[in-house]
């Protein structure tokens, strides 16, 4: 992080006494590791831990050292099957995530030997993202969160990329850091992690290196300021689901902000409280919060090799799997549901089981009238994602998507995890970002 300098012995001793903010980290103490058990059990036991979600889980548990060899091999197999049999359909960020998971606790050389084509394929997908930006008004094929994952994986595992290009495209004022006019905390946080990695491998010997380092430092400082500007009164950074990666970003960049700007312990306490409220019911949500709670970041991926096995201080249950939703009650509830396309609205009221999620409501409406309420969905790292309604398909090039709302307010949970209640006014709205 800070570059090392040669100092006289006396100067070194005096320097060691100066308070430093470098890598300020707060974490759950070992005495309180039981607070993390719900996260770990969700990741290991959930029926949704499959496909690319398995990569999120493998990465998180490897960084935390919370796996036995049997569990690890099962997750590795899931990730390998996804990578090798769905390679052409994986987005760049999904492939980057798989590389991070498979390469965790391994040196870059070990990863290259075991998976010789993965980093090369990622480089090609990253180049395709950049090419699409040139053709479509700066819009990547996916989004800047995934581009940040790409750069992070390429940086950690010695993939080829242009540092000058990275410094150029990750300017904090870029529209891709914003979603419907609001700064995206998790996107900014992932960019900070990627830029920090790039900064650490830039030697600064050439004039262009110095220019890039200066730009990257300015980008990190600006992004950190934007992340902190989204801090809530209870300590959350953005929302509960962006807080984990925002904490990681703040851990690795404490040179860029005053310690009075963030009370890490307050954030930690709020997250622990939300864990016990059941906020992290899907594997990806649990996987993204866990590393920060253990004082780790994605930059730790290939620092400590090999992985440490065994649950240690954790109580991992494999008897009663935890699902993404609570058990359904036999009672039924009435929910209002609408599809809104510009000024055209189609509404209905459906009956679903108590404890149902948003997706259940959409499926019930579709059965009632497939023309007005028909939709398509695909599985992504955060679970089911609505790709089209009435045949109208979301498009990254046009920055369009199907927004989920309840009582007129945007939801911060996905269609497969938001639990509906009696009298809710649910809505899918054709929107731009």
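In mature numbering (1 follows the signal peptide of the UniProt record, and there is no 0), the protein residues as written are -23 to -1, 1 to 410. Yeah, the Cβ is synthetic: ideal placement off N, Cα and C, and Gly gets one too.
Closest by C-alpha distance to residue 235, when choosing among 396, 202, 262: What you label residue 235 is simply residue 258 of the chain shown in a count that begins at 1. Checked all of 396, 202, 262; the closest Cα to residue 235 is 202.
3-residue-minimum beta strand (DSSP E) runs that sit fully inside the segment 353 to 385, ordered along the chain: The beta strand (DSSP E) runs of length 3 or more contained entirely in the segment 353 to 385 are, from start to end of the chain, 360 to 366, 377 to 383.
The beta strand (DSSP E) enclosing residue 314, as first and last residue numbers: For the purposes of this step, residue 314 is identified with residue 337 of the chain shown, where counting begins at 1. Where residue 314 is concerned, the enclosing beta strand (DSSP E) stretches over 309 to 318.
Whole-angstrom C-beta distance between residue 229 and residue 77, which should lie under 8 angstroms: By one-based count along the chain shown, residue 77 stands at place 100. By one-based count along the chain shown, residue 229 stands at place 252. Actually they are not in contact, since the Cβ atoms of residue 77 and residue 229 sit about 15 angstroms apart, beyond 8 angstroms.
CB of residue 147 within 8 angstroms of CB of residue 196, strictly: Residue mapping note: residue 147 aligns to position 170 of the chain shown, counting from 1. Residue mapping note: residue 196 aligns to position 219 of the chain shown, counting from 1. Yes, they are a contact pair.
Identity of the residues DSSP links to residue 245 by a beta bridge: Position 268 of the chain shown, counting from 1, holds the residue named residue 245. Answer is none; residue 245 lacks a bridge partner.
Residue 343 and residue 332 closer than 8 angstroms at C-beta: Locating residue 343 in the chain shown gives position 366, counting from the first residue. Locating residue 332 in the chain shown gives position 355, counting from the first residue. Residue 332 sits away from residue 343, with the two beta carbons spaced by 8 angstroms or more.
Outcome for residue 404 when other beta-carbon atoms lying within 10 angstroms are tallied against a minimum of 16: Locating residue 404 in the chain shown gives position 427, counting from the first residue. If you draw a 10 Å sphere on the C-beta of residue 404, you find 16 or more other C-beta atoms in it, and that means buried.
Which of helix, strand or coil DSSP assigns to residue 92: Counted from its first residue, the chain shown places residue 92 at position 115. Of the three classes helix, strand and coil, the one that applies to residue 92 here is coil, per DSSP.
The beta strand (DSSP E) enclosing residue 321, as first and last residue numbers: Working through the chain shown from its first residue, we reach residue 321 at position 344. Segment 321 to 330, the beta strand (DSSP E) holding residue 321.
Close Cβ partners of residue 27 (< 7 angstroms) along its chain, the five nearest in sequence each way excluded: In the chain shown, residue 27 corresponds to position 50, counting from 1. Correct list, in chain order: 55.
Collapsed DSSP secondary structure at residue 213 in the structure displayed: Position 236 of the chain shown, counting from 1, holds the residue named residue 213. In the structure shown, residue 213 falls within a coil segment according to DSSP collapsed to helix, strand and coil.
Proximal residues to residue 276 (C-beta, below 7 angstroms), its chain only, five neighbours per side dropped: As a position in the chain shown, residue 276 is number 299, starting the count at 1. Closer than 7 angstroms at the Cβ level, and outside the excluded window around residue 276, lie 170, 173, 174, 229.
Unbroken beta strand (DSSP E) run spanning residue 406, endpoints: Counting from 1 along the chain shown, the entry for residue 406 is found at position 429. Where residue 406 is concerned, the enclosing beta strand (DSSP E) stretches over 402 to 409.
Classification of residue 491 by the beta-carbon crowding that lies within 10 angstroms, buried from 16 upward: Examination of residue 491 is not possible in this model, given that the chain is present from -23 through 410 alone.
Residue 253 to residue 12 span [Cα, whole Å]: Residue numbering aside, residue 253 sits at position 276 when the chain shown is read from its first letter. Residue numbering aside, residue 12 sits at position 35 when the chain shown is read from its first letter. Looking at the two C-alpha atoms, the distance is approximately 8 angstroms.
Which of helix, strand or coil DSSP assigns to residue 61: Walking along the chain shown from the start, residue 61 turns up at place 84. Assignment of residue 61 by DSSP, reduced to helix, strand and coil, places it in the helix class.
Stretch-stretch touch, CB-based, cutoff 8 angstroms, three pairs: the segment 247 to 267 with the segment 31 to 51: The segment 247 to 267 is in contact with the segment 31 to 51.
Residue 48 versus 69, 356, 58, 22, residue with shortest Cα-Cα distance: The residue labelled residue 48 in the question sits at position 71 within the chain shown. Put simply, of 69, 356, 58, 22 the residue whose alpha carbon is nearest the alpha carbon of residue 48 is 22.
Residues that residue 159 bridges to, as DSSP identifies them: For the purposes of this step, residue 159 is taken as residue 182 along the chain shown, with counting starting at 1. Answer is 156.
Exposure of residue 135, with buried meaning 16 or more beta-carbon neighbours within 10 Å: For the purposes of this step, residue 135 is identified with residue 158 of the chain shown, where counting begins at 1. By the 10 Å Cβ count, residue 135 comes out exposed.
Bridge partner(s) assigned by DSSP for residue 396: Position 419 of the chain shown holds residue 396. According to DSSP, residue 396 bridges with 334.
Any non-hydrogen atom of the ligand HEM within 7 angstroms of residue 7 CB: Judged by which ligands are present, the structure shown has none, so any question about the ligand HEM falls away.
Minimum length 4: unbroken alpha helix (DSSP H) runs contained in the segment 162 to 238: Look at the segment 162 to 238 and you find these whole runs of alpha helix (DSSP H), each 4 residues long or longer: 162 to 178, 184 to 206, 220 to 229.
Local conformation of residue 44 per DSSP, three classes: Taking the chain shown and counting its residues from 1, one reaches residue 44 at position 67. Residue state for residue 44 is assigned as strand, using DSSP reduced to three classes.
Residue 209 versus residue 248 - alpha carbon distance: Your numbering for residue 209 matches position 232 in the chain shown. Your numbering for residue 248 matches position 271 in the chain shown. Straight-line measurement puts the Cα of residue 248 at about 12 angstroms from the Cα of residue 209.
Residue 85 (DSSP reduced to helix, strand or coil): The residue you call residue 85 lines up with position 108 of the chain shown. Correct three-state label for residue 85: helix.
Three-state secondary structure (DSSP) of residue 387: Against the chain shown, residue 387 aligns to sequence position 410. Three-state result, residue 387: strand.
Sequence-distant residues of its chain with Cβ nearer than 7 angstroms to residue 52 (five each side left out): Position 75 of the chain shown, counted from the start, is the residue given in the question as residue 52. The residues are 31, 34, 35.
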